[in-house]
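Residue numbers (full-length UniProt numbering): 1 to 361.
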């Protein structure tokens, strides 16, 4: 199981950090992650979400990060295709892949915010078509000139420049929330990015469905060129030598997840019917009724907090279940950067080596 980092560039007012400070401290953290041997780091694309996420131009941030790191994989999670012209996406993807010497990982998604759709002049009803055509074009952009004619995009003999280093293209992922999206991703031969607002008991079900659908569609043979069968999950994490200190500081996670759920609660409510067993038991009610605290988040498997021994024990269950990529929001932007760096150091030295041992599974 590979361990990555997750960033939304949160700028909570009560933390007293400026946007500029958050940006530069995050770059410092990615430089440290590169030195410590973390596998990768992911940056979201969000708009108009004051305090919760100021990451509206992740491709620029990732370009800067590419010059501060040498081994760290750099993930864009995700490019919201209905908000962006797909040819411009392909151009930026290739430029980032070149600047990072072939370290880019590309996540794509449909988005969920009516405000963003309205402002960027896109229709939610076209979101699936954006995904369909977008993937078709991204898969061909690294090759010779090609033509495309469909509902959203029409062009003839277009040679998209520059070309990515990774061939036929950087690894493709999609943000996956509904059960149908996990099955669609398997059919398309791309990886899935799950979380961070879905509880573990729902994601376990998604994981089984994705793996089953992949096997039905592609069998158990080696991956074909351009395929990615990775299953990634995002959770909040804080690991410190003193478990009591970790729990005290991680109380700030409640602020982070409360605002995350404020954005996504309507989506989660719609999902209840797709997870009928859990709906009947009322497992989702704490998330839907705005009654969050650290213990609820832990019981839902959405955060892992504690000393290294506790983190080893709790994180290993995701590896045993078959999660390929665990993406950790270390501190979730709710603690000072110095604390985040301490946590990263402990994770790299005392937790990740344990998770990489065969017996962990």
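Even glycine gets a Cβ: it sits at the ideal position worked out from N, Cα and C.
How long is the line joining the alpha carbons of residue i and residue j, rounded to whole angstroms?
i, j, result
"residue 237", "residue 17", "20 Å"
"residue 345", "residue 199", "27 Å"
"residue 253", "residue 333", "9 Å"
"residue 158", "residue 140", "10 Å"
"residue 69", "residue 311", "26 Å"
"residue 218", "residue 184", "13 Å"
"residue 341", "residue 147", "48 Å"
"residue 130", "residue 242", "48 Å"
"residue 280", "residue 349", "Below a pLDDT of 50, predicted positions are generally treated as unreliable, and residue 280, at 47, falls in that range; the measurement from the model is reported next regardless. Cα to Cα, the separation comes out at about 42 Å."
"residue 292", "residue 330", "19 Å"
"residue 48", "residue 318", "33 Å"
"residue 301", "residue 220", "29 Å"
Cβ of residue i within 8 Å of Cβ of residue j?
i, j, result
"residue 235", "residue 304", "yes"
"residue 228", "residue 214", "no"
"residue 41", "residue 97", "no"
"residue 197", "residue 210", "no"
"residue 91", "residue 137", "no"
"residue 111", "residue 83", "yes"
"residue 1", "residue 240", "no"
"residue 326", "residue 233", "yes"
"residue 57", "residue 99", "no"
"residue 172", "residue 195", "no"
"residue 250", "residue 168", "no"
Can you list, in chain order, the residues of its chain with a C-beta nearer than 8 Å to that of residue i? Leave out the 5 residues immediately preceding and following it.
i, result
"residue 55", "7, 8, 9, 43, 44, 45, 46 and 61"
So what's residue i in DSSP terms, helix, strand or just coil?
i, result
"residue 280", "With a pLDDT of only 47 at residue 280, under 50, the local geometry of the prediction cannot be trusted, and the value read off the model is given with reservation. Looking at residue 280 - three-state DSSP - the assignment turns out to be helix."
"residue 69", "coil"
"residue 223", "coil"
"residue 2", "strand"
"residue 325", "strand"
"residue 349", "helix"
"residue 75", "strand"
"residue 11", "coil"
"residue 158", "strand"
"residue 105", "strand"
With residue i and residue j assumed to form a contact (beta carbons below 8 Å), what rounded beta-carbon distance in angstroms separates them?
i, j, result
"residue 107", "residue 193", "5 Å"
"residue 164", "residue 87", "So it is not a contact: roughly 14 Å between Cβ atoms."
"residue 105", "residue 74", "7 Å"
"residue 182", "residue 176", "5 Å"
Could you name the residues of the same chain whose beta carbon sits closer than 7 Å to that of residue i, not counting the 5 residues immediately before and after it, in chain order?
i, result
"residue 223", "229"
"residue 59", "76, 92 and 96"
Tell me which residues share the same chain as residue i and place their Cβ nearer than 6 Å to its Cβ, disregarding the 5 neighbours each side in the sequence.
i, result
"residue 19", "11 and 54"
"residue 103", "73 and 74"
"residue 85", "none"
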